[in-house]
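Chemist: Below is one structure. I have some questions about it.
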Amino acid sequence: MSEEPRIGVFICHCGVNIGGVVNVPKVAEYAKTLPHVIHAEHNLYTCSEAGLAAIKRAIEENNLNRLVVASCTPRTHEPLFRAACIEAGVNQYLFEMANIREHCSWVHMHEPEKATEKAKDIVRMAVAKAALLEPQTEPEVEVKDASLVIGAGVAGLTAALSMANQGFKVYLIEKEKEPGGITQKLYKLYPTLANSSDVVEPLIEAAKSHKNIELMAITTMKDVSGYVGNFNIILTEPGGDREINVGTIIVASGASNYTPPKGLYQYGVYDHVITQRELDKMLSEGKIGEPERIVMIQCVGARKGEIRPSELEAFPKSDTAELLRKILKARKEEGWPYCSRICCMNAIKNAILVKETSPKTDVVILFGDLRVYKEYEDFYRRARDLEVRFIRQVEEVPPEITQTPEGKLQVVAYDALSGLEVKFLTDWAVLSTPLIPNKDEIMLARMLKIPTGTDGFLMEAHLKLRPVDTNVDGVFIAGTVSGPKDVSESIISGKAAAARASILMGNRKVRTDAITAVVDEDLCIGCGLCEEICPHGAPRIEEGKSKIREILCRGCGSCAAECPRRAISMRHFGDNQILAQVRSLLVPESLKEAGD
Amino acid sequence: MVEEEFEPLIVAFCCNWCSYAGADLAGTSRFEYPTNVRIVRIMCTGRMDPTFVLEALRMGSDGVLIAGCHPGDCHYQKGNYMMEKRFDYIKNAVKSVGLEADRVRLEWVSASEGAKFAALIREMTHQIKRLGPSPFRIMSNSK
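Which chain is which? The protein sequence lines are A and B, in order.
For my numbering, add 2 to where a residue sits in the first sequence, where the first one is 1.
For my numbering, add 7 to where a residue sits in the second sequence, where the first one is 1.
Here is the structure:
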């Protein structure tokens with residue numbers, strides 16, 4: 003190594019998140035005793051402006067050349083700390099994070115002493131690795147100024163238009179015959195009661211006529227290869243397969259509507275038990291008339307049961323359509339565990355629409371919890387002013403539906419407020435059902451390597467900080483594919499995803515991780531095993547030696563592990579660096595000074 | 008001498024994309040588990056050189072966990088399969104130095120399986136406690 007490591011260690015309290023469990027000052031004192039550590043301090047929030055300033059100051063004052071921050075997971079703030087290193091003139095690959103929050107204080111909240119000991123170990127491991135870190139240069143990749151948007155619902159249309167308006171070429175594919183998605187099939191939208199066609203049609207027209215957008219119906223993605231900036235995609239169109247080349251991908255392929263199984267609240271048994279979707283259609287066709295009463299039942303197929311352990315296993319790894327079909331079938335019977343977010347407002351909207359056309363109709367909404375956030379509260383009040391009745395239920399006593407000899411429906415429900423049983427003779431019973439993940443979307447996620455949550459929806463890279471990013475660089479998500487959203491939220495996420503993709507395409511270049519394979523040519527015998535096993539085609543044998551094409555190397559390290567001559571190592575995850583972590587952890591204190 | 012309960016030390020090699028994130032989610036969700044595990048982040052289980060496992064055991068670790076993406080979910084397409092192929096070899100090597108093969112485990116934990124990660128650590132800690140301290144640990148401690 004060219005220079006003696008001079009390591010600075012910063013231990014973060016993260017307010018009480020770490021400091022409330024781990025004895026942070028003690029860990030900082032301990033860090034000072036570790037080899038090569040020149041400076042150690044603890045900060046209330048190392049990620050704050052003051053914390054970052056402290057890092058830069060310490061680098062300058064102590065001539066530090068390696069940094070360790072012990073705080074949260076590198077998945078949240080590593081880029082921030084790396085940027086601080088760069089500003090202070092230290093290569094960002096000379097920075098290491100010690101995760102003492104997610105992996106320590108948050109999982110050992112009731113064992114402060116043991117957690118403090120563990121935090122010391124985690125810091126010692128990070129310092130051991132930091133001492134061996136080397137500066138790296140990130141390779142630069144060209145980003146193709148074209149994007150693929152999968153799904154032409156409101157989210158996909160919005161994302162496509164937003165990118166197209168910035169001058170990027172957009173391929174917008176839709177598996178159905180017509181664009182517009184679920185929204186296209188709705189009648190009116192809450193809270194404005196605008197016709198949904200007034201929202202969707204202009205988007206469709208604009209997309210169809212935009213010179214930068216190629217809208218392809220009845221088209222699906224068959225295969226994808228490549229990486230951020232340069233994805234090769236094979237599309238299946240009615241006429242056959244077609245290959246396209248794009249820099250970014252936005253997945254906006256939507257969700258499905260839950261259809262209750264036959265017999266649930268007598269759905270499919272009595273004709274007048276219908277879903278909100280069916281009521282919506284009747285309202286749009288003016289077919290609802292002036293009934294005496296309509297009873298709506300909330301959370302049908304939503305907020306039911308727990309996520310089963312078998313599902314925890316099966317959902318994330320279900321890689322066959324068959325297994326997925328089984329899970330989805332079981333869920334149809336049992337219902338889904340989550341709140342679908344839009345059903346309360348949807349029911350209130352339909353209740354208002356009924357009341358406005360037929361004021362004499364008694365509309366009753368049976369609910370467990372009513373979720374009308376932000377300005378939607380006004381919409382709820384409007385329903386109350388129209389004398390829509392809201393009756394609270396408890397989960398243990400669900401409403402029961404029977405049919406009278408006269409052919410009317412009778413709903414028997416338990417009113418949680420009065421504690422009494424209430425009976426309604428009604429013309430219609432309307433079931434509010436959730437948006438659910440669908441099989442095609444999950445299979446698509448598998449193809450793109452985006453994880454799905456235990457609810458089956460596509461998972462964002464970070465729930466709070468990166469809501470439209472995915473774990474795959476250059477691939478973004480918009481709309482209901484990542485969970486239930488209403489139209490305005492879908493539009494917001496469509497614009498957000500477009501903005502994220504446009505940053506990449508606008509810069510034309512993206513730096514990729516420097517974590518790539520390196521060949522020691524003296525050791526390499528050109529056996530070609532690396533070439534054989536690499537899924538990305540990065541190594542190639544030239545003149546009897548393996549050459550790694552950095553831009554293709556994604557940094558998995560399989561070749562390094564398999565090379566029979568141990569001629570391949572990984573930048574930033576070298577054998578020596580990984581082994582240093584292991585050794586630092588396990589060598590007893592007494593032997594530490596005697597290390598090599 | 009009062010006999011304290013044996014607290015095993017488990018080294019967990021977690022892949023960056025699935026299992027490390029799964030461990031993060033266990034934290035975000037506040038799923039508690041024993042403090043016996045130390046996580047080493049690697050980009051992919053495909054990176055797992057068998058010597059990492061053997062070295063951890065040689066240094067006195069009582070158990071080693073290798074955790075990666077579920078089959079079909081690997082960020083690099085097939086790194087976890089590469090690891091799976093090596094696993095028999097690793098187990099045999101562990102047995103050949105006189106240790107129980109059960110001290111080494113290969114598990115799949117996705118980014119959404121925080122609960123599974125916590126349960127796995129609880130279960131594995133219990134399992135290693137039953138196996139008792141590694142003889143190598145006793146040797147390295149008595150030096």
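All residues carry an ideal CB built from backbone N, CA and C; glycine is no exception.
(1) Between the alpha carbons of Cys25 (chain B) and Ser119 (chain B), how many angstroms are there, rounded?
(2) On a CA-only basis, which of A:Glu533, A:Ser490, A:Lys497, A:Tyr189 is nearest Ile479 (chain A)? Give me that one, please.
(3) Tell me, please, whether the segment 4-24 of chain A touches the segment 98-118 of chain A by the rule of three or more beta-carbon pairs shorter than 8 Å.
(4) Would you kindly report the start and end of the unbroken beta strand (DSSP E) that includes Leu433 (chain A)?
(5) For chain B, find out if any of its Cβ atoms is closer than 9 Å to the Cβ of His112 (chain A); answer yes or no.
(6) Take Val29 (chain A) and list the residues in its own chain whose beta-carbon comes closer than 8 Å to its own, dropping the five residues that flank it on each side.
(7) What first and last residue would you give for the beta strand (DSSP E) that runs through Thr472 (chain A)?
(8) Could you have a look at Gly597 (chain A) and say whether DSSP puts it in helix, strand or coil?
(9) Taking 9 Å as the CB-CB cut-off, is Arg45 (chain B) touching chain A?
(10) How about Ile73 (chain B) and Thr52 (chain B): do their beta carbons lie closer than 9 Å?
(11) Following the continuous alpha helix (DSSP H) through Leu587 (chain A), name the residue where it begins and the one where it ends.
(12) When burial is assigned at 16 or more other CB atoms within 10 Å of the CB, is Ser599 (chain A) buried or exposed?
(13) Taking the straight line between their C-alpha atoms, what separation do you get for Cys16 (chain A) and Gly121 (chain B)?
(14) Assuming contact is defined by CB atoms lying nearer than 9 Å, are Asn64 (chain A) and His41 (chain A) in contact in what I supplied?
(15) Looking only at its own chain, which residues have a Cβ that is under 6 Å from the Cβ of Asp225 (chain A), when we skip the five neighbours before and after it?
(16) Inspect the beta-carbon positions of Ser68 (chain B) and Arg144 (chain B) and report whether they are closer than 9 Å.
(17) Output the distance between the C-alpha atoms of Val151 (chain A) and Gly409 (chain A), rounded to the nearest integer angstrom.
(18) In whole angstroms, give me the CA-to-CA distance for Lys85 (chain B) and Glu398 (chain A).
(19) Quick one: which unbroken beta strand (DSSP E) runs of 3-plus residues sit fully inside the segment 19-74 of chain B? Chain order, please.
(20) Counting only beta-carbon separations shorter than 9 Å, does Ile517 (chain A) have a partner in chain B?
(21) Sort A:Cys561, A:Gly270, A:Thr363 by Cα distance to Ile290 (chain A) and report the nearest one.
(22) What does Asp31 (chain B) reach in chain A if we use C-beta pairs closer than 8 Å?
(23) With Ile135 (chain B) as the anchor, note down where its alpha helix (DSSP H) starts and where it stops.
(24) Where do the ends of the alpha helix (DSSP H) carrying Val603 (chain A) lie?
(25) Does the pairing of the segment 269-285 of chain A with the segment 457-470 of chain A give three or more beta-carbon distances under 8 Å?
(26) Once you ignore the five residues that flank Glu216 (chain A) on each side, which residues in its own chain have a CB closer than 8 Å to its CB?
(27) So, helix, strand or coil for Arg68 (chain A), using DSSP?
(28) Does Glu564 (chain A) have its Cβ less than 9 Å from a Cβ in chain B?
(29) Where do the N-terminal and C-terminal ends of the beta strand (DSSP E) with Ala148 (chain A) fall, by residue?
(30) I want to verify the contact list: residues of chain B whose CB lies under 9 Å from the CB of Ser149 (chain A), in sequence order.
(31) Check each candidate in A:Arg343, A:Gly256, A:Leu46 and name the one with the smallest Cα separation from Asn19 (chain A).
(32) Work out the CA separation of Gly557 (chain A) and Met572 (chain A) for me, nearest whole Å.
(33) Is the segment 493-512 of chain A touching the segment 138-158 of chain A in the sense that three or more CB pairs, one from each, lie closer than 8 Å?
(34) Quick one, are the C-beta atoms of Lys187 (chain A) and Cys81 (chain B) less than 9 Å apart?
(35) DSSP beta-bridge partners for Ile296 (chain A)?
(36) Excluding the 5 residues flanking Met111 (chain A) on each side, which residues of the same chain have their C-beta closer than 7 Å to its C-beta?
Modeler: In terms of the structure at hand:
(1) Cys25 (chain B) and Ser119 (chain B) have their C-alpha atoms some 8 Å from each other.
(2) A:Lys497
(3) yes
(4) Counted as a single uninterrupted DSSP element, the beta strand (DSSP E) harbouring Leu433 (chain A) occupies residues 430-433.
(5) yes
(6) Ile13, His44, Ala72, Ile102, Thr118, Ala121, Lys122, Val125
(7) No beta strand (DSSP E) holds Thr472 (chain A); DSSP gives it neither H nor E.
(8) Low per-residue confidence applies at Gly597 (chain A): pLDDT is 39, beneath 50, and the placement is therefore not dependable, though the value from the model is reported in the following sentence. Correct three-state label for Gly597 (chain A): coil.
(9) yes
(10) yes
(11) 577-588
(12) Coverage of chain A is limited to positions 3 through 598, which leaves residue 599 (chain A) absent and any answer about it impossible.
(13) 21 Å
(14) yes
(15) Ile236
(16) yes
(17) Whole-angstrom Cα-Cα distance: 49 Å.
(18) 47 Å
(19) 44-49
(20) yes
(21) A:Thr363
(22) In chain order: Thr75, Arg77, Asn101, Glu104, His105.
(23) 121-138
(24) Residue 603 (chain A) lies beyond the residue range present for chain A, which begins at 3 and ends at 598; the question has no answer from this structure.
(25) no
(26) Lys171, Val172, Tyr173, Leu174
(27) Look at Arg68 (chain A) here: in three-state DSSP terms it is strand.
(28) yes
(29) 148-152
(30) Within 9 Å Cβ-Cβ: nothing; Ser149 (chain A) doesn't reach chain B, min ~22 Å.
(31) It is A:Leu46 whose Cα lies nearest to the Cα of Asn19 (chain A).
(32) 7 Å
(33) yes
(34) no
(35) A:Val365, A:Trp430
(36) Cβ neighbours of Met111 (chain A) beyond the five flanking positions: Val23.
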